[in-house]
Ligand SMILES: *Cc1c(COP(=O)(O)O)cnc(C)c1O
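Numbering (my numbering), first residue to last: 31 to 481.
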């Protein structure tokens, strides 16, 4: 029988994270202090993060050892399986070989626990009692709530108001894991009260919720802040995905020609792609690497590469990244995990250096691909993931047209079991596409500091 599934034993969980900063031809630009505009030092970040994570944020060591308790927690769902999508290949009548790494096997249903577990461990190890964070649709919040439960940490989640009202199931999942969830903007922070004073009906945004969580953590000695994407240490933790995939592709006896991931803040994409890009940088392979983002928040394809804040309230340090402006609030697309104004500095840097490509996809086209994938392979992908699947299918069709049997690998970052109401809208023909909002981006970019 031809093999469909490539699984590794528990002892093949990677022993270290792969740090792409060690292989980059130029170092990433420094992170700047929001007040002074000077590079931040460890002490500036200490109110928000434990020292181990601050060290990882700026490390240039190629390998960073994964602590034993983190590997033990990973064993609940790692190594994740790699599949060959034989039925999708047949449905598309393509000579391409399509592989996907399935991160939906984690208890929270996505790749996000890979970093949530690591962050919970390092915080617990540093004596932290409580973590504050934000969540959009609830995927990150549920991953951190799960990790907090494993390591005995209290978790407070600021959940974007629009999702809080419309998507109760992720909130209930977080509460089941023991987290405290409030709708953001909330009355519990000065920033939230300021927003609500100006607009009592504010639907919130990820940028606002980040401001609230940062304020919460900055104001309490027992609390640190935790972010689910964008930062270099988050991307670092996700590299377990690509390291396993390299081994599993070798089991399959193939090398990918094309590596694809969807990008919100960039972490699942980086997790799969960076170990491959690292091989390319060391002259050990050559890949086309494609980041797929939504047309409604196209930071990599339409944003500017410059210093900006990570949040709306201008409380985070300034990072150099592709940004649509920290004031920019994307349209309410169903791929909540992709609704962010910026992009991870490391992913942005690779794009600047021409090491990766970026493509924007509309949500109807993404859902069409997601439904096609579900009918061929059985897994209902998260709407975020469906963006990556769209480009995978387009490339596979191109292989058919050109008669070239390329090998395509994409990251199936999570399942869509909590997103079925979005699928219902698509199936009923009620899903809308949003134009690229050029003038709102131009306005938001005017508010970005000049430096
Ligand atoms: C959060 C999320 C994303 C987007 O975040 P990245 O940091 O860009 O990976 C993509 N897919 C799923 C399933 C998510 O939960």
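Note that CB positions come from ideal geometry on N, CA and C, so glycine has one too. All values reported here derive from a predicted model rather than from experimental measurement.
query	result
Using the C-alpha atoms, what's the distance from residue 50 back to residue 150?	23 Å
Taking one C-beta from the region 40-60 and one from the region 266-274 each time, how about it: are there three or more such pairs within less than 8 Å?	yes
I'd like to check one pair, residue 252 with residue 160: are the Cβ atoms closer than 9 Å?	yes
Have a look at residue 442 and residue 207 and give me their C-alpha separation to the nearest angstrom.	24 Å
On a CA-only basis, which of 475, 280, 235 and 448 is nearest residue 204? Give me that one, please.	448
Taking only the alpha-carbon atoms, compute the straight-line gap between residue 131 and residue 198 and give it to the nearest angstrom.	28 Å
In whole angstroms, give me the CA-to-CA distance for residue 367 and residue 416.	12 Å
What span of residues does the beta strand (DSSP E) with residue 441 cover, start to end?	437-442
Does the distance between the C-beta of residue 292 and the nearest non-hydrogen atom of ligand 1 fall short of 8 Å?	yes
Taking the runs of the alpha helix (DSSP H) that are 4 residues or longer, which of them lie wholly in the region 290-348?	297-311 and 329-332
Buried or exposed: where does residue 451 fall if 16 or more other Cβ atoms within 10 Å of its Cβ makes it buried?	exposed
For residue 140 and residue 258, what's the separation of their Cα atoms in angstroms?	12 Å
Work out the CA separation of residue 414 and residue 483 for me, nearest whole Å.	Lying outside 31 to 481, the shown extent of the chain, residue 483 is not represented and no answer is given.
Per DSSP, what kind of secondary structure is residue 93 in: helix, strand or coil?	strand
Verify whether the separation of the beta carbon atoms of residue 400 and residue 48 is less than 9 Å.	no
Whole beta strand (DSSP E) runs in the region 178-228 with 3 or more residues, listed along the chain?	184-190 and 210-214
Are the region 472-480 and the region 350-357 in contact at 8 Å, needing three or more beta carbon pairs?	yes
So if DSSP puts residue 259 in a beta bridge, which residue, or which two residues, is it bridged to?	Paired residues: none, contrary to the question.
Distance, Cα to Cα, residue 165 vs residue 256?	11 Å
Measuring only the C-alpha atoms, how far is residue 229 from residue 214?	12 Å
Is it buried or exposed, residue 222, if we count other Cβ atoms within 10 angstroms and call 16 or more buried?	buried
Please report the straight-line C-alpha distance between residue 181 and residue 212, rounded to a whole angstrom.	22 Å
Taking Cβ positions, are residue 108 and residue 277 nearer each other than 9 Å?	no
Between which two residues does the beta strand (DSSP E) holding residue 140 run?	No beta strand (DSSP E) holds residue 140; DSSP gives it neither H nor E.
Taking the C-alpha atoms as reference points, what is the distance between residue 321 and residue 384?	12 Å
Should residue 429 and residue 440 be called a contact, given that it needs their Cβ atoms to be closer than 9 Å?	no
Can you list, in chain order, the residues of its chain with a C-beta nearer than 8 Å to that of residue 227? Leave out the 5 residues immediately preceding and following it.	none
Quick one: what's got a C-beta closer than 6 Å to residue 418's C-beta in the same chain, skipping five residues either side?	290, 291, 292, 322 and 440
Take residue 88 as the anchor and find which of 112, 402, 263 and 390 has the nearest alpha-carbon.	263
Figure out for me which residue from 347, 112, 86 and 170 has the closest Cα to the Cα of residue 294.	170
If you scan the region 54-115 from start to end, which runs of the beta strand (DSSP E) of 3 or more residues do you find wholly inside it?	93-95 and 112-114
Hey, would you say residue 193 sits closer than 9 Å to residue 162, going by beta carbons?	no
Ligand 1 and residue 299: does any heavy atom of the ligand fall closer than 8 Å to the residue's C-beta?	yes
Using a Cβ-based criterion (distance less than 8 Å to any ligand heavy atom), does residue 415 qualify as near ligand 1?	yes
Residue 300 and residue 369 - do their beta-carbons sit closer together than 9 Å?	no
Confirm the yes/no value for this check: CB of residue 196, any heavy atom of ligand 1, distance under 8 Å.	no
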